[in-house]
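Protein chains in written order, with our numbering: chain V, 1 to 273; chain H, 1001 to 1765.
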Amino acid sequence: MRKARRLGDLRHGGLAVVVMLVVVDGPHLAPAGLGVSSSQATPTTRLESRLPPRAGHEFYFTRAMYSGYTRGRRGSWSTDFPKADRQFLIGLTHLTNIDAYEGENPVRLDDPTLRQYPFLYALEVGYMSLTDAEVRGLREYLLAGGFLVIDDFWGTYEWQNFETQIRRVLPEYPIVEIPLDHPLLSTFYNLDAIRQVPNVWLGRAGGRTWERDGYRPALRGIFDDRGRLLVVINWNTDLGDAWEWAEDPWYPIEFSNFAYQLGVNMIVYGMTH
Amino acid sequence: MDAALEALFGFFFKYRPFVFEKGTLALGASLPLVVVLVGLAVVAVPLLSYLRVPGQLRRRDRAILATLRLGALAVLLIILLRPMLVVATVVPQQNFLAVLVDDSRSMQIADLDGRQRGEVARELLGEEDRGIMDELAARFKLRFFRFDATTERVTGITDLGFGGPRTDLSQALEQVRQELEPVPLAGVVVVTDGADNSAGGLTESLLRLKASEVPVYTVGLGRARFQRDVSLGRVETPRSVLEGSTVVVEVHVTQSGFGGRRVPLQVESEGRIVSSEEVVLPDNGETATVPIQFPASEPGPRLFRFHIPPQPGELVAENNTREALIVVEDARQKILYFEGEPRFELKFIRRAVAEDENLRVVVFLREAENVFRRLDVDDAEELATGFPTTREELFTYRGLILGSVEASFFTQDQLRMIAEFVSERGGGLLMLGGRRSFAEGGYAGTAVADALPVVLERPTMEGTDRLVTELKVEPTPVGLLHPATQIAATLDASTARWAELPSLTSVNPIREVKPGASTLLRGVLTDGGDPLVVLAYQRYGRGRTLALPVQDSWLWQMHAEVALDDLTHERFWQQLLRWLVSSVPDRVSVSASQDRVAIGSSVTLSAEVADSAYLRVNGADVVATVQTPSGTAREVGLEWTVETDGTYQAQLAMEERGLHSVRVLARQGGTLLGENSGFVHVADPVDEYFDAELRRELLERIASETGGRFYTAATVGTLPDDVQYTESGTTVREENDLWDMPIIFLFLVCLVAAEWGYRRVRGLA
């Protein structure tokens, strides 16, 4: 497969170009407000699903709107929103052939139209607290064929909270490690290790990359009884910040590179497997 | 004309109508002119005598009396002219008469007041002192023949068993004509029900008989319509299907005497009922078309029986059943799916067929420009150099799915090769909707567009702008009954399910299919307008092409309106892809002229042989090994037909009941080109029980075209008389006086009596 290797090299070159494009496009994108609040709210009162017209695009980067502790005006679901989404989509459309809608697409888990978007991204799930309707909506979404990517939650406490919540959704399937030889890690880019991607502040600082007690990154998954991957869990890592701040000259490009690579892999895998 | 009327005619006119038809009229008076003059004088005298007595008679009385008198005198004049009927009649015992008796099974049908047709035939022709035999024998030298599928000379008909598997009237007439050509043949008598089930050729036989001026007298036995009967028409089934496929066939049901009754139509396989559908029997003489769906779940050659249970009082129960042999294949058919971009359609198609053991979808995916990925390939070599560039490589697949990939991706040679994949290799091509397919993908004017079943119009997209149409998909009448679009366990359930499915979208608005193509699914626009084509197919050369210009059939799996345990999406794709590759030939393909043959008959075995590029091979050694049900095997060589490249044939005589397997091996120069199997089911013949009613029109046509006459059992008594009036054979011309016909005297008496009566009434006499 000499040819494929050469093409792979091209893709790495292409990624650098994309990150630069993101740098150029970046200033247009307003950062999401990041406040911290301890009050709990459901997305019903904060933000309705903002569905783009299904204008014939193949892919919509769909962000899960879930209930839990809020951060500022919105819930924790909206971390890095919408800049991370938009910025990642710029990379995705440049790197792949995917016919992607260029805007964000937040959808509530209990919204029936969620089922029209077979790829779903959720982050900051450490304080997620799903309603029964959301549990039902997400469960049906996943069992029907939806694909969920979890990102940006750290340490033991947040894991335990997430595990409790996802157990409500899929009690019958265990959470397992995704091995490095899994096709997810070679679907578009060949990734031979799971890197810990720090948040923007730690990345800029250039020191530690971990938060709380989340020292080691993990790539875990939930498979159904036919071996189909339903949920990809990125624990102790923050791909979203790396997408959002890819244009930041102080944020190390190695982390952005990896985050884009894994992000593209997850989407291409989710669209083909 | 019925017998009583004919007898009445014969009484008044001295001869029966048939004699008049055969003969010519002539006048026998030696000096007709003198007689005519005398006659005229005789007429003139009374006429003038009436005219010269004015005043005594009113004008009307005068006219009536003159007419009556003139009429009487005219009749006398005709008598004086001595009219004659001149007919050619045979010289007794100088001519031969062929008597053909139908010896086929349909003659066992007891529809003549409870008596079998054969029994009546035997009584008419076979027994002395009865029927018409003695009269015929007195005038002719008789030659008897029995016929069914073949014809042979017999000494008499008393020993006929009426067990022939088929009826072939044309060959029977032709053989008799040839056999008796050297002798003076006065005519041919055919005793039959006319239930001919041969391939045809009757017109040619009749033309030859007509040229020889040999009249054929047909004696039709049986009822033109059974009083109570249910009959199934021929059932067309696919030769082979993949295991687990759903088969849909249309069964044509006719009946008499049971109109409106509800009966079950059952499909049986291996003694089990695999499907049943209630049928409302149509009115007498009409045909009900009943679609029925059934699963082909057990691999191997399977005999499916379509059956309506015999109804009370049915005369013929054998025509309630039809059989069809379907080879249920356990093979895993390989389909290449080339997708030009990562799409959810790809994910969900793979998911839908993942557990179908008979389908294997190999994916070649363009993830980015010049970045490709192969999924589910056999080995590292498969598709390693990209989309196939040689026929040998592409033609290893049986089906090809083109996703959202533009025509300009391919070279002209590759586009041509894709079309040839269908037309020459016989593969199945399916093009999916998408921003880079159909007209929007630049396919208009390419070789692939020629193969597609739809007409490609101007692309609707300019740059990134696109026209997205939301469509509510519904099956067309053809699609409702088509195997590719069966999405539930029964036809009714399938129809209901189509109505419930969520709408899809399309960026390839297609409104027109090509002549010869069929639309199976159409999309009704949610905002009105003409419906668009959603699924269409056509045959293209040896293969078939499908167009599915929608881009998100995965909504039938994912949409919130679809239940989690709903299998419609899986079923749709499995059925569609199975149908796409169901008739794709191998390099060596085997077929028999009939899958079901009657024991004792022969079948033509054909093999088509091609090389790895699917180019027809003519100089191959092709040998068939025929395995009989009892286990014996024999080898038969197949010969190249010369007319068609790569086609080899042999005749096989089938002499054992049961399923015969035929394994064909083709070699060239010691190298194996390929091998394949076929099956032939040999069984008791049943053709005779279908369309077994008396075919009166056919028999009348045979008689009228040759100058003969049609008879029934009731009218056959006049046949011996009729047969003697013929131009064929050794004949003499016979002059028969007509002046003494009772009708003439009766007429004369009537005229005279009328005149006398009129005079009495008017007080003139």
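Here a beta-carbon is modelled for each residue, glycine too, at the ideal position from N, C-alpha and C.
Neighbourhood of residue i by C-beta distance below 6 Å, restricted to the same chain and skipping five residues each side
i          : result
H:Glu-1006 : Arg-1016
V:Thr-93   : Ala-100
H:Ser-1231 : Thr-1254, Asn-1319
H:Lys-1022 : Val-1087, Tyr-1725
H:Leu-1206 : Glu-1705
H:Ser-1256 : Arg-1225, Phe-1226, Asp-1229, Asn-1284
Residue environment, residue i, which counts as buried when at least 16 other CB atoms sit within 10 Å
i          : result
H:Asp-1102 : buried
H:Phe-1012 : exposed
H:Trp-1556 : buried
H:Asp-1168 : buried
H:Tyr-1711 : buried
H:Arg-1813 : With chain H covering 1001 to 1765 only, the question about residue 1813 of chain H has no answer from this structure.
H:Gly-1658 : exposed
H:Leu-1746 : exposed
H:Ala-1211 : exposed
H:Val-1454 : buried
V:Tyr-215  : exposed
H:Ile-1273 : exposed
H:Val-989  : The shown model of chain H, from 1001 to 1765, leaves out residue 989 of chain H, and the question about it has no answer.
V:Trp-201  : exposed
H:Asp-1159 : exposed
H:Ala-1650 : buried
H:Gly-1428 : buried
Closer than 7 Å to chain H by CB, residue i
i         : result
V:Arg-220 : no
V:Phe-188 : yes
V:Arg-86  : no
V:Met-271 : yes
V:Ile-98  : yes
V:Leu-143 : yes
V:Val-135 : no
V:Pro-112 : yes
V:Arg-276 : Outside the modelled stretch of chain V, which goes from 1 to 273, sits residue 276 of chain V, for which no answer is possible.
V:Val-268 : yes
V:Glu-247 : no
V:Glu-172 : no
V:Leu-262 : no
V:Asn-257 : no
Presumed contact (8 Å Cβ cut-off) between residue i and residue j, rounded CB distance
i          : j          : result
H:Gly-1674 : H:Gly-1543 : With 8 Å as the limit, H:Gly-1674 and H:Gly-1543 do not qualify as a contact, their Cβ atoms being about 18 Å apart.
H:Thr-1446 : H:Ala-1324 : Their Cβ separation, rounded to whole angstroms, is 39 Å, which puts H:Thr-1446 and H:Ala-1324 out of contact at 8 Å.
H:Glu-1643 : H:Val-1682 : About 28 Å; that fails the 8 Å criterion.
V:Gly-68   : V:Met-128  : 4 Å
H:Arg-1436 : H:Gly-1340 : 5 Å
Below-7 Å beta-carbon distance, residue i vs any chain V residue
i          : result
H:Lys-1347 : yes
H:Pro-1299 : no
H:Ala-1560 : yes
H:Phe-1344 : yes
H:Gln-1557 : yes
H:Ala-1368 : yes
H:Glu-1318 : no
H:Glu-1243 : no
Residue i at chain B interface by Cβ criterion, 7 Å
i          : result
H:Gln-1538 : Included in the structure are the protein chains V and H, with no chain B among them.
Same chain only: Cβ atoms within 8 Å of residue i, ignoring 5 sequence neighbours per side
i          : result
H:Val-1279 : Val-1253, Arg-1262, Val-1263, Pro-1264, Leu-1265, Ala-1288, Val-1290, Ile-1308
H:Ser-1589 : Ala-1607, Glu-1608, Asn-1676
7 Å CB neighbourhood of residue i in its chain, flanking five on each side removed
i          : result
H:Val-1043 : Leu-1070, Leu-1073
V:Ala-144  : Arg-115
With a cut-off of 8 Å, do at least 3 Cβ pairs link the segment 1690 to 1699 of chain H to the segment 1620 to 1632 of chain H?
-> no
Specify whether the segment 1565 to 1575 of chain H and the segment 1401 to 1408 of chain H touch according to this definition: at least 3 beta carbon pairs, one from each stretch, less than 8 Å apart.
-> no
Stretch-stretch touch, CB-based, cutoff 8 Å, three pairs: the segment 1062 to 1078 of chain H with the segment 1135 to 1143 of chain H | no
Taking three-plus beta-carbon pairs below 8 Å as touching, is the segment 76 to 85 of chain V in contact with the segment 122 to 133 of chain V?
-> yes
Looking at C-beta atoms only, is the number of pairs between the segment 177 to 190 of chain V and the segment 152 to 160 of chain V that lie closer than 8 Å three or more?
-> no
Could you tell me whether the segment 1168 to 1179 of chain H touches the segment 1715 to 1724 of chain H, where touching means 3 or more Cβ pairs closer than 8 Å?
-> no
Are the segment 189 to 203 of chain V and the segment 241 to 255 of chain V touching, with three or more C-beta to C-beta distances below 8 Å?
-> yes
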